[in-house]
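Protein chains in written order, with our numbering: chain A, 42 to 349; chain B, 42 to 581.
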């Protein structure tokens, strides 16, 4: 049974349709990357999952319950790190960590101390004196020191330095090693690549891609640069080939992975002198979805096409 | 680039952000002045009434402490004595909050960093709000002067009295500028400046209590001259005006501004001079629940309120002992007190009952600010994190309401006990009086429950409007309670206020039915608010 199952979720704020039929499926034990441009509805989805917002339509199942109706019982089994961590200015960091732990239903003191040390956080400072990164550490320590089934992390590392980022990744691996599930919303692509088993990309409140990273790569075009002895002709007419351009006596083109074979058969007839084939980088993969955020529908539709 | 580059633009930003608050201040001050002057003029129609007022004002310790000195028996002097405290406290606090809002609060939220990185001189961030607030004080004073004149008072005296009020605002603008450099939080800066207002009041009260009577004139002792609140009196508006005294607040403002510039040069943006202490690395067990957190967040403000309520209660108790002397010769005032205190003949009991009613109104502000903290937590984002734990919405909101109501219960009880104690110390039998009035104070609690229920309903049903509507309702209740009796408003209008339905003990016998009805109304409002809060989005 999936830990999170969202089907056709719709949520509007006045005239703004923040979520427009969103789907999300997270399986037990996986780290699921949740990606999308700013304002695409990631935090809104998470707030619906936490029972803070009520969806207008669609089905949402969290663990084995309804996030709105069974909020309190479900919250004992999950820990949440908000994207924008706000704390009580006159409490110390240590007090805030203990308070969140107690409100969630308990905290492993040994883990708490260990995490404070690993994240190099001074718990005696007042919360108002912490930087953004340190406020995030407070929320991370409070969440990771709780022994729960699901961790919901909303851009948890946006204020952390590379050293802390590495500690964070190790600690997430430790959580999943113990069998926990993690939903990780993030813009840090290296982090997503290092941690996530599967990712879902959303745009304008809809899911446009979902799958493992290699599956997603497979959906994207490969860039091929080729230099031939005889002038190359007839490539543009091949199925699945796009963006053919001549550059410095070479030809550069993009090809859909399933048509790569036909392309190579065609190229060989012109005596290949050099050939470079580059699979899409993660950046290219995401930028294609992030680009032109003002016109979500087009990309969402093309996403649907590719999924066929 | 000079240290003041960008001041003009920033001043326009201050005006833009505060356009509604400033507008309310500029309109409210003259309206309030006009209303207060009008009611005094109505109360003291003839020479005899004014002379008797002046005689009491000069002999009564309580009158000297709260109303300040008078310098003759003219109408204008009486208006100043009756209106000065209200108008100056308003000017001082509004100025303080405005300065802090645009200085320390900007630093606390990080806005100042953003502004400071633009083409803005080092001192522009402080100078811009000071210019606006001083300008607003001058404008409010001019309008107030015209309002006094329009009410029928002589123009020069009107302008001098209004200038005295504006001067207090200007002086505390300077005080707030310094306070904003010292603390790290805007709450701390506001508290520091407000405490300075309190000290200024005590110094002025001491100077006037210790002053010497010279015919119909009170010559204040030296402590009055140490207080910006005292300076306003020393202008002697409507007497032989001493205009030069109006220069003192200006001197203070200039000195304080220079000091603030000096302090700002010596510290980092966002830092204060009073450093933040460290906290415990682990939470005490008592903190680890919604109610523990509530107590931690509200205890400071509850202690502050308690001290203020006890000090005022004891003073009012002492004052009650003088009521017969003060008011016996003034039928209009006697009638007003009797009306406020339940329409009975025993003026002392009526006065005591009226005072408890005033306390209950003020404690309404405690309830409102305590409950609205929930809204601040919601806008700030911390409520979201709390509700994502195993704390349910019903438990969270109920804890907040119970906490606010318990705080209010402590405060009305203390107000009654302190008032009874003060009266008993003056008139005899402090123990019995304290207990009796303590009980009478607790009878005010049902009205406060209604206030709490109303704020809860607003939080649950119309969260975005809850802050402005809550305060608007409270101000409406204050006006009904304070001016309702004086303005002879119809009973149907007065009945809108829960405070109207509290029996005016000790002036009349306690009755159960209205109290039960108030509790029922409060319960219904609370239930509506809770139902709304359970159903709605957070944050909303």
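Heads up, the beta-carbon is just placed ideally off N, CA and C, and yes, glycines get one too.
Of all Cβ atoms in chain A, is any one closer than 8 Å to the Cβ of residue i?
i                     : result
residue 150 (chain B) : no
residue 429 (chain B) : yes
residue 226 (chain B) : yes
residue 425 (chain B) : yes
residue 330 (chain B) : yes
residue 413 (chain B) : no
residue 573 (chain B) : no
residue 338 (chain B) : yes
residue 110 (chain B) : no
residue 193 (chain B) : no
residue 504 (chain B) : no
residue 170 (chain B) : no
Return helix, strand or coil for residue i, following the three-state DSSP convention.
i                     : result
residue 62 (chain B)  : helix
residue 71 (chain A)  : coil
residue 138 (chain B) : helix
residue 110 (chain A) : coil
residue 215 (chain B) : helix
residue 283 (chain A) : strand
residue 466 (chain B) : helix
residue 292 (chain A) : strand
residue 46 (chain B)  : coil
residue 115 (chain B) : coil
residue 263 (chain A) : strand
residue 165 (chain A) : coil
residue 75 (chain B)  : helix
residue 102 (chain A) : strand
residue 119 (chain A) : strand
With a threshold of 8 Å between beta-carbons, can residue i be considered close to chain B, or not?
i                     : result
residue 136 (chain A) : yes
residue 75 (chain A)  : no
residue 159 (chain A) : no
residue 342 (chain A) : Confidence at residue 342 (chain A) is low in this model, with a pLDDT of 36, below 50, so its placement is unreliable and the value that follows should be read with caution. It does not: the Cβ of residue 342 (chain A) has no partner Cβ on chain B nearer than 8 Å.
residue 146 (chain A) : yes
residue 165 (chain A) : yes
residue 195 (chain A) : no
residue 133 (chain A) : yes
Alpha carbon to alpha carbon, what distance is there between residue j and residue i?
i                     : j                     : result
residue 345 (chain A) : residue 249 (chain A) : Any reading at residue 345 (chain A) needs caution, since the residue's pLDDT is 33, under 50, leaving its predicted position unreliable; the model's value is listed next. Rounded to whole angstroms, residue 345 (chain A) to residue 249 (chain A) spans 7 Å at the Cα level.
residue 225 (chain A) : residue 453 (chain B) : 51 Å
residue 179 (chain A) : residue 73 (chain B)  : 49 Å
residue 164 (chain A) : residue 321 (chain B) : 8 Å
residue 491 (chain B) : residue 405 (chain B) : 10 Å
residue 48 (chain B)  : residue 161 (chain B) : 7 Å
residue 226 (chain B) : residue 327 (chain B) : 25 Å
residue 254 (chain A) : residue 216 (chain A) : 21 Å
residue 60 (chain B)  : residue 66 (chain B)  : 10 Å
residue 356 (chain B) : residue 270 (chain B) : 19 Å
residue 83 (chain A)  : residue 298 (chain B) : 48 Å
residue 532 (chain B) : residue 519 (chain B) : 16 Å
residue 154 (chain A) : residue 126 (chain B) : 55 Å
residue 134 (chain A) : residue 493 (chain B) : 32 Å
residue 237 (chain B) : residue 192 (chain B) : 32 Å
residue 57 (chain A)  : residue 298 (chain A) : 37 Å
residue 338 (chain B) : residue 203 (chain B) : 39 Å
residue 219 (chain A) : residue 118 (chain A) : 14 Å
What are the start and end residues of the alpha helix (DSSP H) that includes residue i?
i                     : result
residue 138 (chain A) : 134-145
residue 259 (chain B) : It is not in any alpha helix (DSSP H) - residue 259 (chain B) instead sits in the beta strand (DSSP E) that spans 258-260.
residue 156 (chain B) : 152-157
residue 173 (chain A) : 173-185
residue 301 (chain A) : 301-309
residue 40 (chain B)  : One cannot answer for residue 40 (chain B) here, as it falls past the ends of chain B, which runs 42 to 581.
Span of the beta strand (DSSP E) holding residue i?
i                     : result
residue 253 (chain A) : 247-253
residue 85 (chain B)  : Run containing residue 85 (chain B): none; DSSP gives neither H nor E here.
residue 313 (chain A) : 313-319
residue 243 (chain A) : 239-244
To which residues does DSSP link residue i through a beta bridge?
i                     : result
residue 66 (chain A)  : A:46
residue 225 (chain A) : A:74 and A:194
residue 269 (chain A) : A:313
residue 57 (chain A)  : A:54
Residue i: beta carbon under 7 Å from a heavy atom of the ligand NAP?
i                     : result
residue 459 (chain B) : The model on display carries no ligand, and the ligand NAP is accordingly not part of it.
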